[in-house]
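Shown next as structure tokens:
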């Protein structure tokens with residue numbers, strides 16, 4: 016009887032403490048993002064609304080890539096093929112949509128999203144059936160998808176209908192809220208939030224935190240892991256389409272940077288690479304932090320190549336610090 | 063004793079034969095290599111009307127294979143510890159640039175500059191993986207993007223590129239018409255590696271750490287020493303690979319070693335080194351390198367495009383890992 020009483024007392028005594036323990040990291044990342052804003056504003060001479068919109072557009076593909084990565088990482092895996100699969104969707108949509116009307120393009124996008132889910136689910140199936148670690152299979156798939164993207168389109172080209180492009184570039188009515196932000200939060204609220212509190216989402220967390228315990232509690236481990244890859248495929252598809260919409264061109268190498276950056280965003284967003292910990296809300300903030308840090312470097316007049324160097328170094332630093340902190344809290 | 067039925071005797075003999083092949087994949091691999099040579103010969107006779115298996119072609123195969131053999135040597139060591147190094151390609155390219163940048167100041171200085179670059183990048187990887195326990199994939203992907211960023215800055219600046227004569231000789235000359243200089247170099251390194259892995263304390267520790275890190279630590283192995291050194295060695299081998307490459311082409315460019323990243327992983331996997339660590343050998347990798355080189359010639363003969371190569375190499379990694387995992391029962 017003593018233990019539950021103590022737990023109740025703890026809960027009753029300081030509910031904010033529990034909330035802080037559970038969501039402290041997520042809150043911290045959003046605060047970091049907010050803290051970066053004044054410095055960013057002091058550098059930029061542009062219109063605030065315009066700048067916010069370009070931040071939202073720049074960060075859009077990374078947000079989706081990071082959400083996809085987060086789902087897989089929470090389920091206890093890692094997907095290195097997200098970037099190159101986004102590249103495939105990018106070139107495929109840009110090649111086919113050039114001469115399409117807006118409605119056709121929308122219908123084709125749905126088809127592409129289903130295709131991406133199947134492709135990603137296939138990867139998950141290979142992983143669970145052969146029992147090879149995620150890292151090996153997705154590393155192989157990274158090159159397979161890169162090859163497929165090169166096959167579809169060897170050099171950058173193609174295009175998308177103007178209205179389709181405006182889906183990513185425009186604002187909602189005249190409210191000044193960028194479509195790109197709405198898209199990210201719509202995906203979060205409509206897809207992830209309901210799932211997270213229902214059986215499939217809970218199963219993903221359970222499998223990620225301890226596969227054996229999850230199995231012993233009657234969760235279909237393989238089914239859940241394939242499910243996580245299917246869900247990641249949905250976000251990857253959205254990421255690929257947002258690449259096409261925001262750049263209005265297809266480039267087989269466009270997805271190259273998103274694999275590493277998505278892992279960085281996931282770690283920075285408070286998701287443990289060991290699985291089972293964290294959520295997508297913090298990951299979105301982390302994706303914007305990474306995007307904004309690059310924008311700030313460019314505003315300071317840094318050579319874009321140096322910006323890549325700084326960002327690579329920043330990512331390593333984030334992963335090192337994240338690893339140190341989670342190791343501390345776990346032990 | 064003579065009462066043992068003959069069928070049982072045959073079965074055990076079959077099983078011991080199977081056991082022998084599992085323990086010595088090199089035997090099977092050499093068979094595959096010979097088959098591939100014959101196949102390429104047949105294709106070449108059909109396409110070009112002349113045989114492929116000539117002394118000249120054999121010599122060329124080894125000449126082309128040596129840089130990959132060098133890069134795959136580092137990759138083998140890293141994969142024996144259960145990691146993977148994705149920075150090998152850009153390390154090799156960076157070393158090639160450093161050598162041709164300092165080449166004008168003397169041969170020794172040029173070669174030392176190249177090796178120093180490899181050592182530095184390897185040390186960075188080693189510190190990240192060995193001391194800060196960053197996932198090897200993420201760490202090496204990170205250093206790889208930093209290296210590429212720095213390379214694209216410095217390679218863009220104009221400087222006199224001088225490939226030292228010794229490097230040139232080592233990379234492209236042949237003695238007695240048929241004996242490539244780099245084959246001699248490769249042979250020495252291979253002998254040292256194979257013997258070193260088998261008979262030195264460090265070699266045994268590599269296997270121990272890759273097989274079971276916790277057990278190795280309890281047995282008194284300083285795991286981080288082993289890990290830091292293995293990434294440094296991998297950086298050095300990649301730098302040697304880069305030197306041989308630039309000696310061959312005599313002109314460093316940004317894409318010099320790019321194809322070798324995937325091929326080095328594929329060569330190690332084909333060679334039977336377990337991607338989970340703790341099991342494998344450099345002799346297998348050597349045959350893997352030769353198989354990939356002949357496969358490359360075959361694909362060139364068949365006019366294969368870049369995307370087809372990517373897909374083929376990526377699939378090889380997944381399929382072979384699955385087969386090895388099944389055959390050796392390491393699930």
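Protein chains in written order, with our numbering: chain A, 16 to 346; chain B, 63 to 393. Just so you know, even glycine gets a beta-carbon here, dropped at the ideal spot from N, CA and C. No experiment lies behind these values; they were computed from the predicted model shown.
Buried or exposed by the 16-neighbour rule on C-beta atoms within 10 Å, applied to residue i
i, result
"residue 189(A)", "exposed"
"residue 108(B)", "exposed"
"residue 284(A)", "buried"
"residue 53(A)", "exposed"
"residue 84(A)", "buried"
"residue 309(A)", "buried"
"residue 129(B)", "buried"
"residue 87(B)", "buried"
"residue 198(B)", "buried"
"residue 380(B)", "buried"
"residue 231(B)", "exposed"
"residue 325(B)", "buried"
"residue 114(A)", "exposed"
"residue 90(A)", "buried"
"residue 324(A)", "buried"
"residue 116(A)", "exposed"
"residue 21(A)", "Its pLDDT being 45, under 50, residue 21(A) is placed unreliably in this model, and the value from its coordinates should be taken loosely. Exposed is the call here."
"residue 80(B)", "exposed"
"residue 346(B)", "buried"
"residue 193(B)", "exposed"
Straight-line gap, residue i to residue j (C-alpha atoms, nearest Å)
i, j, result
"residue 362(B)", "residue 74(A)", "41 angstroms"
"residue 151(B)", "residue 331(A)", "19 angstroms"
"residue 365(B)", "residue 162(A)", "16 angstroms"
"residue 188(B)", "residue 122(A)", "49 angstroms"
"residue 141(A)", "residue 151(A)", "11 angstroms"
"residue 333(A)", "residue 195(B)", "13 angstroms"
"residue 217(A)", "residue 387(B)", "31 angstroms"
"residue 346(A)", "residue 43(A)", "At residue 346(A), the pLDDT of 45 sits below 50, so the modelled position is not reliable and the matter cannot be decided from this model."
"residue 306(B)", "residue 171(A)", "33 angstroms"
"residue 55(A)", "residue 303(B)", "44 angstroms"
"residue 294(B)", "residue 297(A)", "36 angstroms"
"residue 273(A)", "residue 145(A)", "27 angstroms"
"residue 237(B)", "residue 311(B)", "18 angstroms"
"residue 208(A)", "residue 294(A)", "10 angstroms"
"residue 313(A)", "residue 374(B)", "39 angstroms"
Contact set for residue i: own chain, Cβ-Cβ below 7 angstroms, skip 5 residues either direction
i, result
"residue 120(A)", "112, 175, 176 and 179"
"residue 255(B)", "135 and 344"
"residue 224(B)", "162, 165 and 166"
"residue 383(B)", "331 and 337"
"residue 357(B)", "98"
"residue 136(A)", "241, 244, 245 and 248"
"residue 260(A)", "175, 179, 180, 182 and 183"
"residue 263(A)", "174, 175 and 180"
"residue 149(B)", "183, 187, 202, 205, 206 and 209"
Minimum C-alpha distance to residue i - residue among the options
i, options, result
"residue 322(B)", "81(B), 385(B) and 132(B)", "132(B)"
"residue 184(B)", "374(B), 115(B), 335(B) and 296(B)", "296(B)"
"residue 320(A)", "201(B), 219(B) and 95(B)", "219(B)"
"residue 139(A)", "155(A), 126(A) and 327(A)", "155(A)"
"residue 353(B)", "74(B), 93(B), 308(B) and 309(B)", "93(B)"
"residue 129(A)", "67(A), 318(A), 250(A) and 296(A)", "250(A)"
"residue 196(A)", "63(A), 35(A), 59(A) and 69(A)", "69(A)"
"residue 97(A)", "45(A), 224(A), 271(A) and 202(A)", "271(A)"
"residue 370(B)", "171(A), 165(A), 228(A) and 47(A)", "165(A)"
"residue 178(B)", "300(B), 342(B) and 317(B)", "300(B)"
"residue 333(B)", "260(B), 213(B), 385(B) and 171(B)", "385(B)"
"residue 306(A)", "340(A), 327(A) and 294(A)", "327(A)"
"residue 123(B)", "268(B), 276(B), 317(B) and 234(B)", "234(B)"
"residue 156(B)", "368(B), 315(B) and 350(B)", "315(B)"
"residue 290(B)", "168(B), 359(B), 143(B) and 257(B)", "143(B)"
"residue 77(A)", "290(A), 322(A), 265(A) and 258(A)", "258(A)"
"residue 215(B)", "270(B), 261(B), 176(B) and 159(B)", "159(B)"
Same chain, Cβ closer than 6 angstroms to residue i, neighbours up to 5 away in sequence not counted
i, result
"residue 246(A)", "86"
"residue 153(B)", "180, 183, 297 and 300"
Nonlocal neighbours in the same chain, by C-beta distance under 8 angstroms from residue i, ignoring five residues either side
i, result
"residue 222(B)", "166"
"residue 279(B)", "285"
"residue 315(A)", "58"
"residue 389(B)", "84"
Unbroken stretches of the beta strand (DSSP E), 3 residues or longer, contained in the region 103-190 of chain A: none
Return the chain-ordered ranges of every alpha helix (DSSP H) run that is complete within the region 289-348 of chain B and spans a minimum of 4 residues. 322-332
Whole beta strand (DSSP E) runs in the region 76-144 of chain B with 3 or more residues, listed along the chain? none
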